[in-house]
Amino acid sequence: MPVSVAALRRHYEAAGLVNQGMAERIRSAFQKDAVVNALVILDTFAQAAPCVIEEKLEELRYLFNNER
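Take the sequence shown: its position 16, counted from the start at 1, is 843 in our numbering, and no numbers get skipped.
Set out below in structure tokens:
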């Protein structure tokens, strides 16, 4: 089942919302920032992933071009 880049982006945006909610819960439960910082780093990767994927797909597009 093929997935579009737009659908992938929506999934990562949803994951970002979940990460924000988790960060708020963790922040209220833990006094140390290490857990929250780890979640912030994870969310940063989740936000960057769609852009990186889209860039890499552009680099590979010529392989799937029908005009060879």
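For each residue, glycine too, the CB sits at the ideal point set by N, CA and C.
The structure displayed is predicted, hence computed values, not measured ones.
Discussion item. Rounded to whole angstroms, what is the Cα-Cα separation between G848 and A865?
Written reply: 14 Å
Discussion item. Quick check: what's the CA-CA separation for L890 versus V879?
Written reply: 18 Å
Item to complete: Would you decide whether D860 is buried or exposed? Buried here means 16 or more other CB atoms lie within 10 Å of its CB.
Response: exposed
Worksheet entry | Per-residue DSSP class, three states only, for V870 | Residue 870 is actually Asp in this sequence, not Val. Three-state DSSP puts D870 in a helix.
Discussion item. Taking the alpha-carbon of V863 as reference, which of A873, V845, A850, A875 has the nearest alpha-carbon?
Written reply: A850
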